[in-house]
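Note that the protein sequences, when read in sequence, are chains A and B.
Using the UniProt record's numbering, read the first sequence as starting at 1 and increasing by one per residue.
Using the UniProt record's numbering, read the second sequence as starting at 1 and increasing by one per residue.
Ideal Cβ positions, reconstructed from N, Cα and C, are used throughout, including at glycine.
Structure first, commentary second.
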Amino acid sequence: MTQPGFLDLLSFGPDGWAKALLAGAWMTILIALSGYTIGAVIGTFGAWAKISGGRALRVAADAYTTVLRGIPDLLVIYLLYFGGSAAITAVGRLFGSEGFIGFPGFLAGALAVGITSGAQHTEVFRGAFKAVHRGEIEAAIACGMSRALRFRRIIAPLTLRHALPGLGNVWQVVLKESALVSITGVVELLRQSQIGAGSTGLPFDFYLIAGLIYLAISTVSSVALRQAERHFNRGVRRG
Amino acid sequence: MDWEFTRETFLSLISALPLTLALAGTSIALGAILALALALARTSGIFALDWFARAYVFVFRGTPLLVQIFLIYYGLSQFPAVRESLFWPVLREPFWCAVIALTLNNAAYASEIIRGGLQSVPHGQVEAARACGMPRLMVFRRVVLPLAIRQALPGYGNEMISMIKSTSLASIITLMEVTGVAARIISETYRAIEVFVVAGFIYLAINFLLTRLVQLVEFKLNPHLRQPENAAAAVIAGDAR
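Structural data, given as structure tokens:
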């Protein structure tokens, strides 16, 4: 049996892995997007707690960001994947089921990525909020805007504008972190490459392809982010 | 919380600490050398070197570390030429593969930090050194590098912490460092929370010490930002008068 060449692996033909790898890449994007969204929600609350929460909330938010930025992401994935399985198994036993119930890998992965990126989101949002001029908020109060209206029309759009570069960085980190989710057995890009490497005996080719696809995704997203930054800063005077 | 189990877990995780520190220490040390070379290539003004450094940073920052580790550990063994070469005893070892991947990855991030430091050195300082008659190498060694290190240190400290965290990926290629042992205990006992707390505590302790160490070095390197002690005493005496 002859081994397929590098380009054969990339084709859609019988020897080709293109379809499987694209499906894997799609799964990677899905995990990254879900994790990123969860992180953004956590980050919004975290930043709110740090800025205008009471003492207890502030201490909790500080502890959260300190801990999550000090421990490896892999450990968080292990905690959620194994801890979640143990919890579900315990709950299942209460309802009379026997044996082990696995926690869905996708959910564990997305949650883990979300919880770790939430710490970074918190800092990004907090910094961006601090960059909003006091005068803008005071002007909104002077116009008689209610709290909710003020948040929706003034604070949120301005904070988002300042946060955009930081949010872009967090997205790139999340994208790369999603590769760790492969250890839970979710067939994303890296796991699919492992499967391909195992069944063809061509690990170098497959991991090289995976690397190139990651590079492509991150390049496309950095271009998109630059466009978005230009779009949201179009009203800003420069120089 | 089961204290007996927690104590046992702590003891087995602590015994894996030397491996984590060896991985981090070796790759930070080797990475610093490579990063300095890359930063010098970026600022050299020589087209080929500049673009090589740019491409290197782009590739290593754009792909996940785990892919880089797999590419080196599993990928290179695909080629018979590698398996027969004299590097094979090194490339066969998961430890050295992890160190190589961490070093290459670390160098990409650190080179950008060092480049920022090098570019922040005020031009007047370099001109003054040249005017004193220092040769280029001496200017670099006595003026540019110390100032650049001082400027780059806070960012470099963050990179070292992220390096400590990254060593956990070595557990995926069978190295039993702290995270590897933690994963083994979790999968044997399914007591994720206790193990997580203990392992998390160990990492936080390392990173806390590291942050303090970087702060100490920063303090030592910035004598011009400190109040001289007798000046402070004079101010207090002046207040008293």
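Residue i: first and last residue of the uninterrupted alpha helix (DSSP H) it sits in
i	result
B/GLU84	80-84
residue 281 of chain A	In the structure displayed, chain A extends from 1 to 239; residue 281 of chain A sits before or after that span and is not available.
B/ASP2	That residue, B/ASP2, is in no alpha helix (DSSP H); it is neither H nor E in DSSP.
B/TRP88	88-91
B/PRO94	94-119
A/ASN169	156-177
A/ARG147	147-150
A/HIS133	Counting along the chain, A/HIS133 falls outside any alpha helix (DSSP H), and DSSP gives it neither H nor E.
B/PRO228	Careful: B/PRO228 lies outside any alpha helix (DSSP H) and carries neither H nor E.
A/ARG153	Careful: A/ARG153 lies outside any alpha helix (DSSP H) and carries neither H nor E.
A/ILE29	18-52
B/SER162	145-166
B/SER15	Here B/SER15 belongs to no alpha helix (DSSP H), and DSSP marks it neither H nor E.
B/ALA129	123-131
B/ALA170	Here B/ALA170 belongs to no alpha helix (DSSP H), and DSSP marks it neither H nor E.
A/VAL181	Segment: none, A/VAL181 is in no alpha helix (DSSP H) and carries neither H nor E.
B/TYR56	47-62
B/LEU65	65-70
A/LEU189	189-200
B/ARG136	136-139
Proximity to residue i [Cα-Cα], best of the options
i	options	result
B/THR189	A/GLY5, A/LEU167, A/LEU79 and A/THR44	A/LEU79
B/PRO94	B/VAL82, B/TYR73, B/ALA107 and B/GLU84	B/TYR73
B/LEU21	B/ALA39, B/ALA55 and B/ALA205	B/ALA205
A/ARG161	A/TYR214, A/GLY235, A/SER199 and A/GLY135	A/GLY235
A/GLY211	A/LEU175, A/ARG226 and A/ILE183	A/LEU175
B/LEU19	B/LYS220, B/ILE186 and B/VAL178	B/VAL178
B/ARG42	B/PRO223, B/PHE87, B/GLY116 and B/CYS132	B/GLY116
A/THR44	A/ALA61, A/THR28 and A/ARG237	A/ALA61
B/TYR156	B/GLU8, B/PHE10, B/THR9 and B/LEU36	B/LEU36
A/LEU107	A/PHE129, A/TYR64, A/LEU10 and A/VAL76	A/VAL76
A/GLN172	B/VAL214, B/ILE28 and B/PHE58	B/PHE58
B/LYS220	B/PRO146, B/SER187, B/ALA53 and B/SER162	B/PRO146
A/GLY127	A/TRP48, A/GLY5 and A/THR200	A/TRP48
A/TRP17	A/LEU215, A/ARG153, A/PHE100 and A/SER193	A/SER193
B/VAL67	B/ARG150, B/SER111 and B/LEU169	B/LEU169
A/THR28	A/ALA163, A/PRO203, A/SER182 and A/ARG134	A/SER182
B/SER111	B/PRO89, B/ALA39 and B/ILE46	B/ALA39
B/LEU4	B/PHE201, B/LEU209, B/GLN227 and B/VAL195	For the record, residue 4 of chain B in the displayed sequence is Glu; it is not Leu. Nearest C-alpha to B/GLU4: B/VAL195.
A/PHE125	A/LEU7, A/GLY53, A/PHE100 and A/LEU164	A/LEU164
residue 245 of chain A	A/LEU202, A/ALA86, A/LEU33 and A/SER222	In the structure displayed, chain A extends from 1 to 239; residue 245 of chain A sits before or after that span and is not available.
B/VAL144	B/LEU118, B/SER27 and B/ARG226	B/LEU118
B/SER27	B/THR167, B/ASP2 and B/LEU91	B/THR167
A/GLU177	A/GLU136, A/SER117 and A/VAL186	A/SER117
B/PHE10	B/MET134, B/ALA32 and B/VAL197	B/VAL197
A/ALA222	A/LEU167, A/LEU202 and A/PHE206	Here the sequence assigns Ser to residue 222 of chain A, which means Ala is not the residue at that position. Ranking the options by Cα distance to A/SER222, first place goes to A/LEU167.
B/ILE161	B/ILE186, B/SER187, B/ARG54 and B/THR211	B/THR211
Whole-number beta carbon distance between residue j and residue i, since they are thought to touch under 8 angstroms
i	j	result
B/LEU65	B/ASN105	5 angstroms
B/ASN158	A/GLY70	11 angstroms between Cβ atoms; not a contact.
B/TYR203	B/ILE172	Not really, about 17 angstroms apart at Cβ, beyond 8 angstroms.
B/ALA98	B/LEU175	6 angstroms
A/THR184	A/TYR36	About 18 angstroms; that fails the 8 angstroms criterion.
B/LEU13	B/ALA199	6 angstroms
A/GLY83	B/ALA192	3 angstroms
A/ARG150	A/ALA140	5 angstroms
A/LEU21	A/LEU189	7 angstroms
B/PHE70	B/ALA108	With 8 angstroms as the limit, B/PHE70 and B/ALA108 do not qualify as a contact, their Cβ atoms being about 17 angstroms apart.
residue 240 of chain A	A/GLU123	In this structure chain A extends from 1 to 239, so residue 240 of chain A is not present and cannot be described.
A/VAL59	A/HIS121	That pair is no contact at about 19 angstroms.
A/GLY109	A/GLY39	Actually they do not touch by this definition, with Cβ atoms about 13 angstroms apart.
A/PHE204	B/LEU76	7 angstroms
B/ALA16	B/GLY180	7 angstroms
Cβ-heavy atom distance, residue i to the ligand GTP, below 6 angstroms
i	result
A/LEU190	With respect to the ligand GTP, the structure shown offers nothing to examine, as it has no ligands at all.
- Task: Below 8 angstroms between beta carbons is the criterion; list the residues of the stretch 70-104 of chain B that meet it against any residue of chain A, in chain order.
- Result: Answer in chain order: PHE70, LEU71, TYR74, GLY75, LEU76, SER77, GLN78 and PHE79.
- Select from the stretch 174-198 of chain B all residues with a C-beta closer than 7 angstroms to any C-beta belonging to chain A, and list them in chain order. So the close ones are THR179, ALA182, ALA183, ILE186, SER187, TYR190, ALA192, ILE193 and PHE196.
- Relative to chain A, which residues along the stretch 202-216 of chain B have a C-beta separation below 8 angstroms, given in chain order? Those residues of the stretch 202-216 of chain B that come within reach of chain A (Cβ to Cβ, closer than 8 angstroms) are TYR203, LEU204, ASN207 and PHE208.
- Query: Can you give, in chain order, each stretch of the alpha helix (DSSP H) that sits fully within the stretch 54-124 of chain A and has at least 4 residues?
  - Reply: Here the runs fully enclosed are 55-70 and 73-94.
- Within the stretch 178-214 of chain B, note down every full alpha helix (DSSP H) run reaching 4 residues or more, in order along the chain. Taking only runs of at least 4 residues, the alpha helix (DSSP H) segments lying wholly in the stretch 178-214 of chain B are 178-189.
- Query: According to a CB-to-CB cut-off of less than 9 angstroms, which residues of the stretch 36-65 of chain B neighbour chain A?
  - Reply: Going along the stretch 36-65 of chain B in chain order, one finds PHE58, VAL59, ARG61, GLY62, THR63, PRO64 and LEU65 with a Cβ nearer than 9 angstroms to chain A.
- Anything in the stretch 201-217 of chain A with a Cβ closer than 7 angstroms to a Cβ of chain B? List those residues in chain order, please. Under the 7 angstroms Cβ criterion, the stretch 201-217 of chain A contributes LEU202, PRO203, PHE204, TYR207, LEU208, ALA210, GLY211, TYR214 and LEU215.
- Query: Which residues, in chain order, does the stretch 176-192 of chain A contribute to contact with chain B at a C-beta distance below 7 angstroms?
  - Reply: Listed in sequence order: LYS176, ALA179, LEU180, ILE183 and LEU190.
- Query: Which of the residues in the stretch 56-79 of chain A, read from start to end, lie with their CB under 9 angstroms from any CB of chain B?
  - Reply: Answer set for the stretch 56-79 of chain A: THR66, VAL67, ARG69, GLY70, ILE71, PRO72, ASP73, LEU74, LEU75, VAL76, TYR78 and LEU79.
- Query: Looking at chain B, which residues of the stretch 88-100 of chain A have a Cβ within less than 7 angstroms of any of its Cβ atoms?
  - Reply: The residues in question: there are none.
- Selection of the stretch 148-179 of chain A by Cβ proximity to chain B, strictly under 9 angstroms: Within the stretch 148-179 of chain A, those residues whose Cβ lies closer than 9 angstroms to any Cβ of chain B are, in chain order, GLN172, LEU175, LYS176, GLU177, SER178 and ALA179.
- the stretch 103-117 of chain A: which residues have C-beta closer than 7 angstroms to a C-beta of chain B, in chain order? So nothing in the stretch comes that close.
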